[in-house]
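Asks:
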Amino acid sequence: MSEPTLFVEVHILQSVPPSNINRDDSGTPKQALYGGARRARISSQAWKRATRIEFAKTEAPADRATRTKRIATLLAERLGRPESEGGAALEAAQADRLAAALMEPLGIKKSAKKEEQSAYLLFFGKRQLDDLVRLLGGRAAELAALPDKELQEETSKLPVVSALSTGHPAEVALFGRMVADLKDLNVDAAVQVAHALSTHAVRTEFDYYTAVDDENTEDSGAGMIGTVEFNSATLYRYAVLGTHQLRNNLTSAEATREATVRFIDAFTRSMPTGHQNSFAHRTLPHLVLVTVRTDQPVNLVSAFEEPVTGNQGLAAESATALADELKTAGETWGTVPQRTLATYALESDKLAEAFGPSLPFQTLLEEVGNTVGAWLTHGEIPAQRTEAAQAGHR
Amino acid sequence: MSGQAVLVLRLAAPLQSWGGPSRYNRRDTQPQPTKSGILGLLAAAEGRPREASLTDLLGLRLGVRVDQPGTLLRDYHTVSDHRGLALPAAKVDAKGAQKKTGPAKYTGVTQRYYLQDAVFTAAVAGPAALLQHLEHAVRHPAFPLSLGRRSCPPTGPVSLGLHPDTDLPKVLEDVPWQASAPHRARFRGAQVTVEATVEDPAGDLTATDVPDTYDLKTGTLFSQRTVRHLWISLPTGQQTTGQAADIPAGRTDLGHDPFALLGW
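Written as structure tokens, this is what we have:
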């Protein structure tokens, strides 16, 4: 309850060209009213999925998570591998029997069928399977030779459930897992993602299109006609990661630091794929702002409650509004972030004042890693280098 | 001092969703924050696990003022398997395994409802010591806070502080109007009348939104509480010009609202 907390927030301003990234059942781009004005909206679920796919791309296969009912089969397969490959070199029948016995505490009953299945999908890490094999401590063959009753007695002494409820793969630790029947295996997500909203009022447009029938030589009409709805927007995207919670999920400081950095990277670079081939909407952000706080997370979407008008360009005006909001929130409510790190491609003294100098994105990620790492090991965040000190340093 | 206090919360965000007892593929929102939602927010701020007891929180009395009612947003939400496999059916065979969908179905559809562009002031009354603790927790939450659903983080400060006052309606009358600037701009005149509900044993309305637990294993069962509906007149902070456009204090500026009596 009084456990120290560290929140890492990501605020992104990103423009997308005419596109229909996330649509409803009538094909209309998703929208919401905010500040009385209609906004483009990309649901949090859509962007989380894109982030997960991006995150998984850079994950080593051994660290990947999988969602399956066939955990016993996978475990048996692993027990059958030679010891040099992390297995126990058991024969197939023995491996099946031992795997089934190990799964007993999870309520996965042995059935007459060869293929053991849990009653529900389990989302777990492949590394956790290695941990299960390691739990046997080289006694796999000895255990597999025991009669049923003794085997059950021996395996019930092993901490199988706790092996599956600690050391979660980063994907599970970040995005959570729910197993209604086995609450020991539940993992509350360490990440919270808000719906992305446009910083300005948006009107949906209709693209009327015709397609030619190449083989039609008889009349001059189109082969087909239709409409696609689209809009273009400068989006404000917000996500917050509870580093303390992530550490509880991962049980390793180093893994927590790494997952934090990789989440920010994946969240920044990901893009939902809706209508991607029609609109080629893949863009990179104008601004990535990372704020590190030990008190309460602050969603800065209120910067855009009064919609940006775009007389000076939507991205530039949005960035200025965001800088103002960060400053106002700090002055009014005393919620000043411990660290502010940013990457941006916009020219403005105001931005430099509010966010600090623009860092190359790789440097930003490294700095976040250092900050989180320092907090995880020393419980403190090193003081932010001021601009003057940085200038002196140069 | 009776040792009682009122904690005032400002609940504002582009989207909020106060589910109550909705299930399966249609996830509703109530037009106002629910007791379950508010207690969940407080418990999350404190860092209570889902299975933790709520008994000390259930006795807190809740008052909610609708500073800016917002409108309903329907969100079309699809679920599919990222490997491109067909989804299983809801029906199970004799062994309890889910049957396959026939013809194969690849996308599940759910409807989620949100309140968009709404602002509420919630007041929670109870023992001063407990509320002081909760107030600190809201300012230093263990889990990121959300307004009814995880994808709805609040914007602006959530805690408006503690009032050493035990009169719930009085506190709701005293806290300034929290509506957004664009919403304020639509009102002319010195007063605005907003609706509110307060928990009151002598109330004439019931709300079925008191949770027993947030434990995922058992699911949440909601019980009833009695509430009272009231109208509160608040200063808009605007100077009246003394001309004919002046709207007298009271509810005339709400226009014709036949649903008000139904508590919608």
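Taken in order, these protein sequences are the chains called A and B.
Counted from 1, the first sequence has number 66 at position 66 by our numbering; the numbering is strictly sequential.
In our numbering, each residue's number is its place in the second sequence (first place is 1) plus 1000.
Note that beta-carbon positions come from the ideal geometry of N, C-alpha and C, so glycine has one too.
The structure presented is a predicted model; accordingly, all values stated were derived computationally and were not measured.
1) Taking CB distances under 7 Å as the criterion, tell me whether B/H1140 reaches chain A.
2) Could you tell me whether the Cβ of A/Q192 comes closer than 7 Å to any Cβ of chain B?
3) For B/G1059, which residues in the same chain have their Cβ closer than 7 Å to its Cβ, ignoring the five residues on either side in sequence?
4) Check the C-beta distance from A/V404 over to A/N249 and give it rounded, since I have them as a contact under 8 Å.
5) For A/G36, go through chain B and note every residue whose CB falls closer than 9 Å to its CB, in chain order.
6) By Cβ distance below 8 Å, which residues in the same chain neighbour A/V163 in space, the five residues on each side in sequence not counted?
7) Which first and last residues belong to the beta strand (DSSP E) in which B/Q1224 is found?
8) What do you get for B/G1084, buried or exposed, if any count of 16 or more other CB atoms within 10 angstroms of its CB means buried?
9) When the Cα atoms are used, what is the spatial distance from B/P1211 to B/P1176?
10) Does the structure place the stretch 277-289 of chain A close enough to the stretch 1129-1148 of chain B that three or more beta carbon pairs sit under 8 Å?
11) Counting only beta-carbon separations shorter than 7 Å, does B/P1211 have a partner in chain A?
12) In chain A, which residues lie less than 8 Å from B/R1027 when you measure between Cβ atoms?
13) Could you name the residues of chain B that A/G242 contacts, counting a contact when the two beta carbons are closer than 7 Å?
14) Per DSSP, what kind of secondary structure is A/V228 in: helix, strand or coil?
15) According to DSSP, is A/I381 helix, strand or coil?
16) If you reduce the DSSP assignment to three classes, tell me which class B/A1012 lands in.
17) If you measure beta-carbon to beta-carbon, which residues of the stretch 1158-1171 of chain B are closer than 8 Å to chain A?
18) Pull up the distance between the alpha-carbon of A/D207 and that of A/A233, whole angstroms please.
19) Please list the terminal residues of the continuous beta strand (DSSP E) segment that includes A/A198.
20) Please tell me whether A/Q296 has its Cβ less than 7 Å away from any Cβ of chain B.
21) Nearest chain B C-beta to A/L135 closer than 7 Å, yes or no?
22) Any chance you could list the beta strand (DSSP E) runs of at least 3 consecutive residues sitting entirely within the stretch 34-81 of chain A, in chain order?
23) I'd like to know if the stretch 1149-1156 of chain B and the stretch 1097-1108 of chain B are in contact, where contact means that at least 3 CB-CB pairs between them fall below 8 Å.
24) Would A/V161 and A/P82 qualify as a contact pair, given that the criterion is a beta-carbon distance under 7 Å?
25) Against chain D, with Cβ distances strictly below 7 Å, would B/R1149 count as a contact?
26) Please return the same chain residues whose Cβ sits closer than 6 Å to the Cβ of A/T291, not counting the five positions on each side in sequence.
27) Report the residue from A/E367, A/R237, A/K69, A/G242 whose alpha carbon sits nearest the alpha carbon of A/L13.
28) Can you check which of these residues, A/G223, A/A255, A/P17, A/N20, is closest to A/A211 by C-alpha distance?
29) Would A/N216 pass as an interface residue toward chain B - the criterion being a Cβ-Cβ separation below 7 Å?
30) Label B/F1259 either buried or exposed according to how many other C-beta atoms from any shown protein chain fall within 10 Å of its C-beta, with 16 as the threshold for buried.
31) Using 10 angstroms around the beta-carbon of B/R1023, count the other beta-carbons present and answer buried if the total reaches 16, otherwise exposed.
32) If we cut at 7 Å on Cβ distances, does A/N22 have a partner in chain B?
33) Can you tell which of A/L143, A/S358, A/R293 has its C-alpha closest to the C-alpha of A/T335?
34) Is A/V240 near A/P297, with beta carbons less than 7 Å apart?
35) For chain B, find out if any of its Cβ atoms is closer than 7 Å to the Cβ of A/L13; answer yes or no.
36) Pick out whichever of A/V372, A/G379, A/T28 has its Cα sitting closest to the Cα of A/I42.
Replies: On the basis of the supplied data:
1) yes
2) yes
3) G1126
4) Outside the displayed span of chain A (1 to 394) sits residue 404 of chain A, for which this structure offers no information.
5) D1117, S1180, P1182, H1183, A1185, R1186
6) The amino acid at residue 163 of chain A is misidentified as Val; the sequence shows Ala. Same-chain partners within the cutoff: Q128, D131, L132, L135.
7) 1222-1235
8) exposed
9) 30 Å
10) no
11) no
12) Those do not exist, as B/R1027 stays about 12 Å from chain A at its closest Cβ, beyond 8 Å.
13) F1143, P1144
14) strand
15) coil
16) strand
17) V1158
18) 16 Å
19) The residue asked about is misnamed: residue 198 of chain A is Ser in this sequence, not Ala. Start and end: 196-198.
20) yes
21) no
22) 37-42, 65-68
23) no
24) no
25) The chain labelled as chain D is not found among the protein chains of the depicted structure, namely A and B.
26) E9, P337, T340
27) A/R237
28) A/G223
29) no
30) exposed
31) exposed
32) no
33) A/R293
34) yes
35) no
36) A/T28
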